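Novice:
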Amino acid sequence: MSRRLISTGSPLEKTVGYSRAVIDGEFAFVAGTTGYDYTTMTMPADVTSQSRNCFKTIEAALKEGGFEMADIVRATYYVTDASYIDAHFAVCGDVLGDIRPAATLLVVSALAKPEMKVEIEVTAKRRSI
Numbered sequence: 703m704s705r706r707l708i709s710t711g712s713p714l715e716k717t718v719g720y721s722r723a724v725i726d727g728e729f730a731f732v733a734g735t736t737g738y739d740y741t742t743m744t745m746p747a748d749v750t751s752q753s754r755n756c757f758k759t760i761e762a763a764l765k766e767g768g769f770e771m772a773d774i775v776r777a778t779y780y781v782t783d784a785s786y787i788d789a790h791f792a793v794c795g796d797v798l799g800d801i802r803p804a805a806t807l808l809v810v811s812a813l814a815k816p817e818m819k820v821e822i823e824v825t826a827k828r829r830s831i
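Take the sequence shown: its position 108, counted from the start at 1, is 810 in our numbering, and no numbers get skipped.
1) Does the count of Cβ pairs from the segment 762–782 and the segment 800–815 closer than 8 Å reach three?
2) For the segment 735–780, which segments carrying the alpha helix (DSSP H) assignment without a break, of at least 4 residues, lie completely within its bounds, in sequence order?
3) Need the endpoints of the beta strand (DSSP E) that T806 sits in, please.
4) Is F757 near the ligand NAD, going by C-beta to nearest heavy atom under 7 Å?
5) In this structure, does DSSP put L707 in helix, strand or coil?
This is the structure in structure tokens:
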């Protein structure tokens, strides 16, 4: 299977030189994903909504690449304030509680824009049936 790029269609992808996801064989690598609501092109103010939007975007990228959320084997979370951890982890538990990928959380001083409170990147491996 050849390498395949998954795009959101944003001109930023070409400008910056990234893809929403890269499918390479049995693996999907999903880029750091922030909490924009792409239907309204807005960023919610709260970390819970941002986290849910991250997972919605990730799920769409995985699906386009022929993967499922259950294929996620690794997740890395970035939050801009330690006070967001509990709310973010509640969303992670709702979404990944049965999947339970290896995961790391980092508290960082900032993300690309001040309104961004959380960013999530994942790796998925297609499961053998």
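Ideal Cβ placement from N, Cα and C applies to all residues, glycine included.
Note that this is a predicted model, so its numbers are computed, not measured.
Specialist: Taking the definition as stated:
1) Taking 8 Å as the limit for Cβ pairs, the verdict is that the segment 800–815 does touch the segment 762–782.
2) Within the segment 735–780, complete alpha helix (DSSP H) segments of at least 4 residues are found at 749–766, given in chain order.
3) Here the beta strand (DSSP E) through T806 covers 804–809.
4) With respect to the ligand NAD, the structure offers nothing, as it holds no ligand at all.
5) Note: L707 maps to strand in three-state DSSP.
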